[in-house]
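Remarks on the structure that follows.
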Amino acid sequence: MYEHDVIVVGAGGAGLRAAIAAHEAGADTALVTKLHPVRSHTGAAEGGINAALQEGDDWELHAYDTMKGSDYLGDAPAVETLAQDSPEDTMRLEHWGMPFSREEDGTVSQRPFGGLSYPRTTFAGAETGHHLLHTMYEQVVKRGIQVYDEWYVMNLAVTDEDDPNDRTCHGVVAYDVQTGQIEGFKANSGVILATGGPGQAFDHTTNAVSCTGDGHAIAYRAGAPLEDMEFIQFHPTSLPSTGVLISEGVRGEGGILYNNEGERFMFEYGYANNSGELASRDVVARAELTEVAEGRGVNDEYVHLDMRHLGEERILDRLENILHLAEDFEGVDGLVEPMPVKPGQHYAMGGIDVDENGQTCINGLYAAGEAACVSVHGGNRLGGNALPELIVFGKRAGRHAAGEDLGEPQIQTGYGDDVEDETDADLPVQPGEAGLETAGGVAADGGVAADAEGILERTVERERERVDRLMDRNEGIQHAEIRQKLQKAMTDHVNVFRTEEGIKKALRVIRECREQYQDVYVDDPSRTFNTDLQQTYETRNLIDVAETIALGALVRNEFRGAHWRQENQERDDENWLKHTLISWNGGEPRIFYRPVILEGEEKTYEPKERSY
Amino acid sequence: MSTQQQEPESQEAPADPEMKGTQSPQERRLEEKEAGLDAQAEADAEAEGETVHIKVFRYDPEVEAKQEPRFDDFHVPFEKGMTVLDAVMYARDEFDSSLTFRHSCRQAVCGSDAFFVNGRQKLGCKTQLADLEQPIRIEPLPHQEVVKDLVVDMDHFYDQMHAVEPYFQDEDTPDPADLEEQRQSPENREKIKMSSRCIWCGACMSSCNIAAGDNEYLGPAAINKAYKFAMDDRESEEIKEHRLRILEQEHGVWRCQTQFSCTEVCPKDIPLTEHIQELKREAVKKNLKFW
Amino acid sequence: MSQSYNRGLVEDFGRWKEFSAGMWAWIFHKFTGWILIGYLFTHIAVLSTAVGGVQGETVEVDTAALPNVENIGVADVDIYTATLGGLESLLIIRILEVGLLAVAVFHILNGLRLLLVDLGIGLDSQDKSFYASLILTGIITVASVPTFTTGVGF
Amino acid sequence: MAERHSSFVPGGTAWFLQRVTAAFLIVVLAMHFFLLHFVNHAYAVTLDDTVARMENVGYFLTMVLFLWAGAFHGINGVYNALVNQGLSGTPKKVVLAVLTLAGLALVAQGTYVALVMAGWM
Ligand SMILES: Cc1cc2nc3c(=O)[nH]c(=O)nc-3n(C[C@H](O)[C@H](O)[C@H](O)COP(=O)(O)OP(=O)(O)OC[C@H]3O[C@@H](n4cnc5c(N)ncnc54)[C@H](O)[C@@H]3O)c2cc1C
Ligand code: HEM
Ligand code: SF4
Ligand code: F3S
Ligand code: FES
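Right, dumping it as structure tokens:
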């Protein structure tokens, strides 16, 4: 057993920032991560970090833009905290040596970004995330913070009171990928989940293979609700074979989208008669999928993004990296042929339900980064707003977990008095694990309240047994098959276009996946670097997370932000200015809602038409 | 559709009672898999069009049939744009789930999947199958110990990276709350730009003969990391000197014999040799001052 | 529990088939350097006979076999002149001399290339300059063969 | 981490001298070859010629310097090559001692021979 004050799970931008903050607050801190920190997906972020740094800009504008961008589903206290703290935290990165792009006078450069009223996106070349990740890892090395890398966190050690709000988290159980050893990590004051997004729930995503929503799933099963999971951002231009992102810059410079008949469909089919290719991300993504659905897609899969007419000189000058991406990952020369693109899952606005201090309803359990939902992004994330979320809320979670007083949070968490229950959800199948052999979650063992160590030991034992079970079984189904099926169903039915029928289909497939998972087995008999075992665990988590996405999408019958519903293509402020929350509830998920907080420190954000 | 070329002794491995339950099911599985795969191989070969032939290095200290390293053959259906990583992922998901390798981002930013492909250190996700001669031989990075299949032990690489004190050291920076920044000229930022792109993939270190022979040699990646800091004007002169002292230790920059293979294999096109040479000159210049 | 596989010396050193220009340059430079320092030792040893020569030590040799003195039949010749002449009369020594020249020329040319690299000049064409050193070495060596083989072994 | 550097040995001077001697050697070695294989032919060298050349102070100095530089350059090069291959600890110290002694012996003997040739000893 290992023991620390604060255990941070995940070492992407949010995890690293949390660890540094906890360490600075005097806590003995450790990072437990399934990838070496510099391999985290934060490294893929290109665009930048929004921060109101300059004279003439101010945090209130940033907060306003964010609120509007969220389609009024962000909570004002969270949005305002983000906007207020981002400048200082961005500057701190600069002091830690982050190589931001510079102006002639030596100050950091900022550029305009979609949905921002002021050019406040601070960037470091086209690889802002890479520099952010590496700069913070350097600070972790400097501070000598303990890093357990290539340790896969399997579960949380949480007490088993009936009401999740009464539970306490005492640590995590992790598995050393290199040796197969399963160990308990005791956290004396807090566990912070910073495990990133759940993009692998979809088969086509800009997210890494490691973005499997592990933190979401283990927190969910431990009793913390997942919030606003239906809000998934899809990026219209990703490469079909890998999902690698082709930046909006191509369309910004004048790139044109064509269908297989060579028609400029954005105009010819009237998807966006004014802005064409430059319409907002969701509009373009829907247009592309409509083309494919109506048989005008190339190879029935994608459309073409053509930039050849811009001329070699201009392309080389402004879009050189795009040429490399197309060449390296798709084998296409953007100078002589159009590039294939299709919409890909990009970001999850929802996540583990937390307050401004990163705390969940479970004592001692925190979440930060893309895994968490504070909620800053509401229905739609603005470009450049995820990275500041990592540093601002990562820092707060770290401090709070280390015992610093950050004041009373205004945002509520968990199932409490302020919520409204969903009573009449018309579900095609029983979600959750009801009727199935349970594997994970909080085990009820008759309320024999053990001490922290006892609870940890018990969880370790349970995970050991689970692994033995998976490894001993010699036949059944392999996880890859289930995962592929799940991903396909999600992409087919809970994608950019969502219809009631489709989502129900997806829920049925998810149920099937769950049932099949009962027979899953790990073929690789080795304990050394058994990625088969790890991925089998991840697939289980994906099933749970995918289900919350589908459930949220099913109940939210309106069009808000990134969530589009065929049955109701309007934003419905009357009924839906509220967050969707789904809690595990012992394997029988419960759906409930919490009103959005639109009252800020000084002003209230009145919902307005989201038009740019 | 792999035709696994197993060592003969593994096929006739007797059920050793001392190996308890683990061995016989494992053997059974392997046999079953092989039978199944052969059938599948034929079926696929008829149905599918073009395939790519890859030979993948296999080793696992715990699995008897893999204790003696071997190469397994896989024939993976080819699609335009497919990369080496796609091929091994396909082989893992469809043929043999025990095939093990590190990977994550699939877009050349996480640095997990540097392999030795047809005799060259390459990032799996950034290497198009179409550009390679078949059969494509995929091995773990040379000069590092193999943990399993394509996974090598990276600890030494990380130790070397950490050894150059890779972090900003100036303590008396302005208070971030005042939004006061350390000025840096665009030229200076340009100078360190390439060096800051390293994704810690280890390809360079693996390709360097000197690093192979001298375990203490810092290696191109660590030196490049140090370059990024040493050349950054935001750090003070004293700290730069301190950094040069680390670099000019016996196993520092001087060990580099300008073999250039690091520069050639770096997937991020970092001019490593150039950076190392510049640091050698800096170190000499600094020492000359004291003569 | 966790073991790892060490691929041994061959892997440590790399596989020559997979070497690139810079690596070959390194191998050749090393190889030629060692030959040169080895030669320097033998060279000084041979030249040391001059000490005896100056002190009047002589040997009785058939001057017909010596390329460096007039043929006066069997006579006493100072030891230095006799040693040099004796060596120079052997074909194998002449061949070795050509080899030495090749080695030295390559080492010089590649050394020049390395000096430039050290100064940060021409890093982009390091492979080309290596090939150029090889070719030039070849040309100079071939061109020098006549000079080196005149008057050998009659 | 930091303790790795406690046995701090700057290698810069040796590296630099290796380059300086190399630069010097290019010139002298080329001259040497030219003089003894093309202008005068090696096969025609006799003691008298050698002595005659050596008696010239400039030539003498050049040759002695040539020797010293070559010896340093060669010995240091060999030592470096061995260190590059991971030579360390006691064997490394022994090798360094042996090489230094051999180098000194070479330089001593060579200088002595040159002095004798020039007739100054
Ligand atoms: C292509 C791309 C471009 C983007 N561009 C921008 C941009 O320009 N601006 C912007 O603001 N945002 C951008 N984003 C979004 C932003 O990068 C991400 O939301 C953010 O990086 C997520 O950071 P994180 O720290 O939450 O998670 P990650 O960086 O994904 O880190 C997750 C960590 O958790 C660990 N982990 C996961 N599961 C486990 C487990 N079970 N056990 C142990 N460890 C675990 C992993 O090892 C990893 O260290 C982009 C995203 C993508 C995909
Ligand atoms: C008397 C003649 C010479 C001798 C005995 C000699 C010997 C050597 C030796 C033994 C090495 C070490 C090689 C290795 O790495 O293993 C070496 C390296 C070197 N030699 Fe020479 N050399 C001679 C002449 C020259 C000349 C004329 C040059 C001209 C440029 C030269 C340039 C170099 C350089 C640059 C190196 C260093 C390579 C490195 O460490 O990166 N040498 N030499
Ligand atoms: S320098 Fe290049 S090759 Fe070396 S680790 Fe960094 S990215 Fe990889
Ligand atoms: S390969 Fe090695 S020798 Fe130097 S130039 Fe690169 S570090
Ligand atoms: S998978 Fe990340 S670098 Fe290749």
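Residue numbers (the UniProt record's numbering), protein chains in the order written: chain A, 1 to 612; chain B, 1 to 291; chain C, 1 to 154; chain D, 1 to 121.
Yeah, the Cβ is synthetic: ideal placement off N, Cα and C, and Gly gets one too.
Any Cβ of chain A within less than 9 Å of the Cβ of residue i?
i, result
"B:Gln26", "Low per-residue confidence applies at B:Gln26: pLDDT is 46, beneath 50, and the placement is therefore not dependable, though the value from the model is reported in the following sentence. Chain A contact via Cβ: present."
Less than 8 Å separating the Cβ of residue i from some heavy atom of ligand 3?
i, result
"A:Trp151", "no"
"A:Met91", "no"
Does residue i come within less than 9 Å of chain C when only Cβ atoms are used?
i, result
"B:Lys280", "yes"
"D:Met31", "no"
"D:Tyr43", "yes"
"B:Gln134", "no"
"D:Thr90", "no"
Quick one: what's got a C-beta closer than 7 Å to residue i's C-beta in the same chain, skipping five residues either side?
i, result
"B:Ala222", "Gln160, Met161, Ala163, Val164"
"A:Arg464", "Ile182"
"B:Val253", "Ile223, Leu247, Ile276, Leu279, Lys280, Ala283"
Sorted by chain position, which residues of the same chain lie with C-beta nearer than 6 Å to residue i's C-beta, five sequence neighbours on each side aside?
i, result
"B:Ala212", "His143"
"B:Pro17", "Confidence at B:Pro17 is low in this model, with a pLDDT of 36, below 50, so its placement is unreliable and the value that follows should be read with caution. Excluding positions up to five away in sequence, the list is empty."
"A:Gly197", "Asn207, Cys211, Ala348, Glu370"
"A:Tyr72", "Pro607"
For residue i, would you say it is in contact with chain D, using Cβ-to-Cβ distances shorter than 9 Å as the test?
i, result
"B:Glu145", "no"
"C:Val61", "no"
"C:Ala50", "yes"
"B:Glu250", "yes"
Looking at the C-beta of residue i, does it have a partner C-beta in chain B at a distance below 9 Å?
i, result
"D:Thr100", "no"
"D:Asn76", "no"
"A:Pro525", "yes"
"C:Trp26", "yes"
"D:Gly12", "yes"
"C:Val142", "no"
Just to confirm, are residue i and residue j a CB contact at a threshold of 9 Å?
i, j, result
"A:Gly383", "A:Gly43", "no"
"D:Leu67", "D:Val94", "no"
"A:Val284", "A:Thr237", "yes"
"B:Val151", "A:Phe529", "yes"
"A:Ala425", "A:Ile218", "no"
"A:Leu82", "A:His62", "yes"
"D:Ala105", "C:Asn68", "no"
Ligand 7 heavy atoms versus the CB of residue i: any closer than 8 Å?
i, result
"A:His62", "Ligand 7 is absent from the structure shown, which contains only ligand 1, ligand 2, ligand 3, ligand 4 and ligand 5."
Tell me the DSSP bridge mates of residue i?
i, result
"A:Asn299", "Answer is none; A:Asn299 lacks a bridge partner."
"A:Ala157", "A:Gly171"
"B:His53", "B:His75"
"A:Pro595", "A:Lys578"
"D:Met54", "Paired residues: none, contrary to the question."
Between residue i and the rest of its own chain, which residues show a CB-CB distance below 8 Å, the 5 nearest in sequence each way excluded?
i, result
"C:Asp127", "Ser20, Ala21, Gly22"
"A:Glu570", "Glu558, Phe559"
"A:Thr604", "Ala76, Leu598"
Taking only heavy atoms of ligand 1 into account, decide whether any of them is closer than 8 Å to the Cβ of residue i.
i, result
"A:Asn207", "yes"
"A:Cys169", "no"
"A:Ile49", "yes"
Can you find a heavy atom of ligand 5 that lies under 8 Å from the Cβ of residue i?
i, result
"B:Ile199", "yes"
"A:Lys34", "no"
"D:Leu36", "no"
"A:Glu245", "A small fix is needed here, since residue 245 of chain A is Leu in this sequence, not Glu. No, since every heavy atom of ligand 5 falls outside the 8 Å radius drawn around the Cβ of A:Leu245."
Would you say the beta carbon of residue i comes nearer than 8 Å to a heavy atom of ligand 4?
i, result
"B:Asn209", "yes"
"B:Ser261", "yes"
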